[in-house]
Amino acid sequence: MAKLTVSDLDLEGKKVLMRVDFNVPIKDGVIGDDNRIQAALPTIKFVLDHKGKAILFSHLGRIKKEEDKKGLSLRPVAERLSNLLNKPVTFVPVTEGKQLEDAINKLENGNVLLVENTRYEDVVNGEYVKRESGNDPKLGEYWASLGDEYINDAFGTAHRQHASNVGIAEAMHKSGKPVAAGFLMEKEIQFLGEAVNNPQRPFVAILGGAKVSDKIGVIDNLLSKADKIIIGGGMTYTFYAAKGIKVGDSLVEKDKIDVAKSILEKGGDKIVLPVDNIVAKSFNNDAEHKVVEGDIDDGWMALDIGPKSIDNFEKVLKDAKTVVWNGPMGVFEMSNFAQGTLKVGEFLGSLTDATTIVGGGDSTAAVKQLGVADKLTHISTGGGASLQYLEGKTLPGIAAIDNK
Ligand code: ADP
Ligand code: MG
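In UniProt numbering, the protein residues as written are 1 to 404.
This is the structure:
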């Protein structure tokens, strides 16, 4: 179902409450990677260009005790945002009360204000009460009372039920105020949602990463939806064990061998496994390594897929119209074991006729690090949220947005 979006709203002169994802790495007050701030700019600019008053909310890190607050202020983010927008950003160092209300009332059309870290509400008077991350309805109601419209552009937290994404939205509904998706959120819903629920076929899923246990939900859901499922990465070897192929010292989840068996039975020839692997003497980039087909001897561990597997995968992928990729094909963090992930990424980049989507925290990091991200259709911004989407779950943050 199509969701209401920021472009459906009448923004001029409105107090526009916006949930963005400014959960950026900050060390000693210095922002590392500001990707997430950059990613939020289109929706913020749109609101400002349309003369809305943008009131921004975000969480940053985790706050469990009073001392945690010090290093997790959003103040440095306000400064960076101001540079990026090339205009002043009013930073309000509190999350409720007169100071915040006055600042909002003073805000002029086309101007922007950033509220302090929403998770400051998790610790009140030194007590860990989780008002924000436990979705205290009173807090959502209070925040909702501060504005006329609410926009959620924080896909990365959509799988969580917080006061700043779900409670506030529900309170807006109750008072008849609109709840819309921002452009980032809209894009995620469009690409991940379409791919999973209404894919152009053939639809091929590529699943890798470390463990079967992390991905059972994803495999289960995609098993009934995809035309082919390519398996790679660390989870391969639990499937090998299920098939009676020797795994040597590779990563195997013994307690998931039965699950792997039943997936193989259900999936039949839908499932494509690697036929060869790069095996190493130890978990180390400089370890002695070689390519082996089939059985892996003791004393060797598989850290990447081999060249024949890459060829096979490319044959499966070449006619695909939709590809969803979660989980690297090998230990891409080590250059000697990054080829599988790199080659698969490059091949996806060459498919001009397909929609290619990457979801998952490490997968996103991998395609960026290996320089193939730009050639793919959509790189999801939410690690956990995109996984839950691929599992077919309803994300509370998305469910709380108005339908059109
Ligand atoms: P995502 O975060 O995208 O969902 P995962 O967390 O499931 O991905 O998996 C990423 C991790 O899997 C990476 O750190 C990578 O090194 C690891 N990995 C991939 N292949 C192997 C392998 N053969 N053996 C051990 N670890 C692996
Ligand atoms: Mg991960």
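From the three backbone atoms N, C-alpha and C, an ideal C-beta is built for every residue, glycine too.
Note that the structure is predicted; figures quoted are calculated from it, not measured.
I need the straight-line Cα distance from residue i to residue j, nearest angstrom please.
i, j, result
"S386", "D136", "25 Å"
"G208", "F347", "16 Å"
"N35", "I216", "30 Å"
"P76", "N23", "12 Å"
"L146", "K15", "8 Å"
"G52", "L376", "33 Å"
"G383", "S262", "27 Å"
"E101", "S363", "41 Å"
"D374", "G345", "10 Å"
"N83", "A366", "29 Å"
"V124", "K321", "51 Å"
"K65", "R119", "11 Å"
"V331", "I296", "17 Å"
"residue 409", "R19", "Because the chain in this structure spans residues 1 to 404, residue 409 falls outside the shown range and cannot be described."
"Q38", "I379", "15 Å"
"K106", "N86", "20 Å"
"K130", "H173", "23 Å"
"A169", "A78", "24 Å"
"I26", "G32", "6 Å"
Check residue i in the structure and name its three-state DSSP category.
i, result
"H289", "strand"
"D276", "strand"
"I229", "strand"
"N165", "helix"
"T95", "coil"
"R19", "strand"
"A210", "coil"
"E66", "helix"
"E127", "strand"
"A158", "coil"
"V30", "strand"
"V247", "strand"
"V331", "coil"
Starting from residue i and walking both ways along the alpha helix (DSSP H), at which residues does that stretch end?
i, result
"E108", "Looking at the DSSP string, E108 is not in any alpha helix (DSSP H), and its letter there is neither H nor E."
"L348", "Q339 to S350"
"E194", "E194 to N197"
"T238", "T236 to K243"
"R75", "R75 to L85"
"T43", "N35 to D49"
"Q388", "G383 to L390"
"N312", "P307 to L317"
"P137", "P137 to A144"
"V259", "I257 to G267"
Which residue's Cα is closest to the Cα of residue i: the options?
i, options, result
"A163", "D402, K404, N403 and G397", "G397"
"Y240", "S224, L85 and G294", "G294"
"A195", "A399, E391 and S145", "E391"
"K266", "H378, I229 and A287", "I229"
"D276", "S175, H289, D286 and I310", "I310"
"D28", "K64, F46, E12 and K69", "K69"
"N152", "K174, K187 and V124", "K187"
"R160", "L74, Y389 and N403", "Y389"
"E96", "V77, N105 and E116", "E116"
"D8", "A302, A39 and V47", "V47"
"K368", "V212, E333 and A354", "E333"
"G360", "V123, M18, D214 and F203", "D214"
"G306", "L17, K53 and N336", "N336"
"E314", "I37, L85, V272 and N198", "V272"
"G232", "K225, V94, L251 and G244", "L251"
"W143", "V89, V291, V94 and L4", "V94"
"residue 449", "M235, L41, L370 and L60", "As shown, the chain starts at 1 and ends at 404. That puts residue 449 outside it, with no answer to give."
"G13", "I31, G330, L74 and N111", "N111"
"residue 405", "F155, V204 and G134", "Any property of residue 405 remains undetermined from this structure, which presents the chain solely from 1 to 404."
"A54", "E108, G126 and V323", "E108"
Give me whichever residues DSSP pairs with residue i in a beta bridge.
i, result
"A378", "Just to set this straight, residue 378 is His in the shown sequence, not Ala. Its beta-bridge partners are I357."
"K3", "N403"
"M185", "Looking at the DSSP assignment, M185 forms no beta bridge with any residue, so it has no partner."
"A302", "V279"
"V204", "K228 and V323"
"T90", "L113"
"A180", "I151"
"I296", "V247"
"I398", "Answer is none; I398 lacks a bridge partner."
"residue 416", "The requested residue 416 is not part of the displayed model; the chain covers only 1 to 404."
Go to residue i, then tell me how far its beta strand (DSSP E) extends in each direction, as first and last residue.
i, result
"K53", "K53 to F57"
"I151", "E149 to N152"
"N326", "T322 to N326"
Any beta-carbon of chain C closer than 9 Å to the one on residue i?
i, result
"A54", "No chain C is part of this structure, which consists of one protein chain only."
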